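>
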Amino acid sequence: MDKKINVLFVCIANSCRSQMAEALFNKFIDSHDVNAFATSAGTSPCESVNVSALEVLKELNIEHHSVPKSLTSEMMHESDFIISMGCMSSDFCPVTYMPKTQDWGIDNPNDQPISKFREVRDIIKGKIEYLLLDLSKSTE
Numbered sequence: 025m026d027k028k029i030n031v032l033f034v035c036i037a038n039s040c041r042s043q044m045a046e047a048l049f050n051k052f053i054d055s056h057d058v059n060a061f062a063t064s065a066g067t068s069p070c071e072s073v074n075v076s077a078l079e080v081l082k083e084l085n086i087e088h089h090s091v092p093k094s095l096t097s098e099m100m101h102e103s104d105f106i107i108s109m110g111c112m113s114s115d116f117c118p119v120t121y122m123p124k125t126q127d128w129g130i131d132n133p134n135d136q137p138i139s140k141f142r143e144v145r146d147i148i149k150g151k152i153e154y155l156l157l158d159l160s161k162s163t164e
């Protein structure tokens, strides 16, 4: 059996963008012929996932029960792909120098109206659909 592809989504608080990315990736992986899974972590994680992030996921019938986690060097080394949600411009983003990292540069919706969370969710969803198509092609 092929090794599962490990995708790690990273942001600072691991409460909004990276959590939404983890949930969306794991939800939509079933509709693609890819053996993969996603996790998420933050460089300075919050206590809990942002309620608005969970709300906009529920609008897509996604129940997400993960908790914010601290980014570890083990997580980074075990990942096949590391995707920064936008923390690479931060002074304390350790994934900046990892060769398997890409930065999606997505605005942080924290402390914004629910409409901003929907906008960010939809941007992430589109990027994940493209990523899954790309992964499908590379495993053929």
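In this text, residue positions in the sequence shown follow the working numbering: the first is 25, and each later residue adds one. We treat Cβ as the ideally placed atom computed from N, Cα and C, and that holds for glycine. Owing to the predicted nature of the structure, the values given are computational and were not obtained by experimental measurement.
Report, in whole angstroms, the separation of the C-beta atoms of Phe33 and Met100, which I expect to be a contact under 8 Å.
Along the sequence shown, read from residue 1 onward, the residue named residue 33 stands at position 9. Along the sequence shown, read from residue 1 onward, the residue named residue 100 stands at position 76. So it is not a contact: roughly 12 Å between Cβ atoms.
> Starting from Gln136, trace the beta strand (DSSP E) in both directions and tell me its first and last residue.
Translated into positions along the sequence shown, residue 136 becomes position 112. Counting along the chain, Gln136 falls outside any beta strand (DSSP E), and DSSP gives it neither H nor E.
> Does Ser39 pass the burial test, meaning 16 or more other C-beta atoms within 10 Å, or should it be called exposed?
For this step, residue 39 is matched to residue 15 along the sequence shown. Buried, by the Cβ-count rule.
> Would you mind sorting Leu157 into buried or exposed? The rule is 16 or more other CB atoms within 10 Å of its CB.
Position 133 of the sequence shown, counted from the first residue, corresponds to residue 157. By the neighbour-count rule (16 or more Cβ atoms within 10 Å), Leu157 is not buried but exposed.
> Between the segment 56 to 65 and the segment 136 to 151, do at least 3 Cβ pairs fall closer than 8 Å?
no
> Does the distance from the C-beta atom of Ile106 to that of Ile130 stay below 8 Å?
Numbered from 1 along the sequence shown, position 82 holds the residue referred to as residue 106. Numbered from 1 along the sequence shown, position 106 holds the residue referred to as residue 130. No.
> How many whole angstroms separate the CB atoms of His88 and Val75, which I take to be in contact at a CB cut-off of 8 Å?
The residue you call residue 88 lines up with position 64 of the sequence shown. The residue you call residue 75 lines up with position 51 of the sequence shown. About 11 Å separates the two Cβ atoms, so there is no contact after all.
> Using a Cβ-based criterion (distance less than 7 Å to any ligand heavy atom), does Ile138 qualify as near the ligand MN?
Inclusion of the ligand MN in the displayed structure is not the case, the ligand content being empty and no account of it being possible.
> Secondary structure at Ile148, three-state DSSP: helix, strand or coil?
In the sequence shown, counting from the first residue as 1, residue 148 sits at position 124. In the three-state DSSP reduction, Ile148 falls in the helix class (H, G or I).
> Measure how close the beta-carbons of Ser94 and Lys124 come, nearest whole angstrom, since I'm counting them as under 8 Å.
In the sequence shown, the residue the question calls residue 94 occupies position 70. In the sequence shown, the residue the question calls residue 124 occupies position 100. Contact flag wrong, Cβ pair sits at about 20 Å.
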